[in-house]
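Notes follow the structure.
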Amino acid sequence: MTAQAREQVQRYLLCLQQEICDQLEAMDRGSSFKSGRWQGQEGGGESRLLRDGELFEQAGVNFSKVEGNALPGSASAARPQLAGRSFQAMGVSVVIHPRNPFVPTTHMNVRWFEAIKDGEESIWWFGGGFDLTPCYPFDEDVIHWHRSARDLLAPFGSDLYRRFKEECDRYFFLPHRDETRGVGGLFFDDFTEGGFENAFAVTRAVGDGFLPAYLPIVERRSDHPFGQREREFQLLRRGRYVEFNLLFDRGTLFGIQSGGRAESILMSLPPEVRWHSGWQPEPGSPEAELNRYLQPRQWLDETMD
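Residues 777 to 1081 in this note's numbering are what the sequence shown lists, from first letter to last.
What follows is the structure, given as structure tokens:
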């Protein structure tokens, strides 16, 4: 990997961070991101956080760039070919927790990784994706979300949406709950197909396509009336989000173990959350309706598209 390629990736990621912040501020009028730069022994970055907005209770849009002489054990154990190599990684991560329970929580991440060893060719790849986590889902929104994901990948091959969608369903799954985190989206890792230019173009398509997929849903649902019942359910469902991020999310673990800034890594956690042991929704209630969405489904099959 050349220095020019690394600079190209970093430039794109910083521009993406700025563009996402600009658009979210424009939608949540009167709110603004607070920015904090951080620097550690093994890297740095810029964390941007919007709190207590009219639409977004919390939105984090972070850029990070970390490097080190050796990978964390959790990473090299899964990829023994990386042992003994130094590494560089950079990415943009977005997590949005809306105020209105009828607006879904969402996450997006795009990242680049390179492992380096003197005298040998570097090992590099791209990764990323986006997913949607509603409390009160609407078929119209979920179909729009998946159609957007399919269409942004279509120029790169007809099979990419299916592959990335299936990987998302597998990854964002809570085995102890036997449910998906939400209604899925896209997830990819170790992606090098077609060489640097193609893999980078796919990654840019995902990053650039995130807000066009999400913001129309925000516009449709942000004025939906809600009360204390819906708010309580939202806080309970946020508990499942926390469980996944702390127990299973590889990015959280890698960020902590590679010396990232803890406050930036944990911005994915919602500002308010609740657990209620043994709570179950009333049969036939709107809250119970969510259960049928929390298993992998082919949203864009012939009967729905």
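Using N, Cα and C, we set each Cβ at its ideal position, and we do this for glycine too.
Bear in mind that the values here come from a model prediction, so they are computed numbers and not experimental data.
The beta-carbon distance between His-883 and Val-871, rounded to whole angstroms, is 5 Å. This is short enough to meet the 8 Å contact definition.
Pairing Gln-780 with Arg-980, the inter-Cα distance amounts to about 17 Å. With a cutoff of 9 Å on beta-carbon distance, Val-837 and Leu-790 are scored as not near each other. A Cβ-Cβ contact shorter than 9 Å links Phe-906 with Asn-885. In the structure shown, Asp-945 adopts helical secondary structure according to DSSP, grouped into three states. Using a Cβ distance threshold of 9 Å, Tyr-912 and Phe-948 do not count as a contacting pair. Here the segment 934-946 makes contact with the segment 955-970; the two share three or more CB pairs at distances below 8 Å. For Met-884, the uninterrupted beta strand (DSSP E) segment begins and ends at 881-892. By the Cβ-count criterion, Trp-900 is buried, with 16 or more other Cβ atoms from all chains shown falling within 10 Å of its own Cβ. The residue from Gln-1071, Pro-1047, Arg-1016 and Leu-1029 with its alpha-carbon nearest to that of Trp-1055 is Arg-1016.
Looking at the backbone, the Cα of Thr-1028 and that of Ser-898 are separated by about 24 Å. By the criterion of a C-beta distance shorter than 7 Å, Trp-1075 is surrounded in its chain by Val-918, Ile-919 and His-922, once the five residues flanking it on both sides are discounted. DSSP places Phe-809 outside any beta strand (DSSP E), giving it a letter other than H or E. Under the DSSP assignment, Asn-838 falls in the beta strand (DSSP E) whose first and last residues are 832-844. Residue pairing by DSSP places Ile-872 opposite Ala-835 and Thr-882 in a beta bridge.
For Ala-865, the beta-bridge partners assigned by DSSP are Val-842 and Phe-889. Leu-825 sits in a strand when the DSSP states are folded into three classes.
Along the length of the segment 913-985, whole beta strand (DSSP E) runs at least 3 residues long occupy 960-967, reported in chain order.
In the three-state scheme derived from DSSP, where H, G and I count as helix and E and B as strand, Asp-907 is classed as strand. In this structure, DSSP gives Phe-1002 a state outside helix and strand, which the three-state scheme calls coil.
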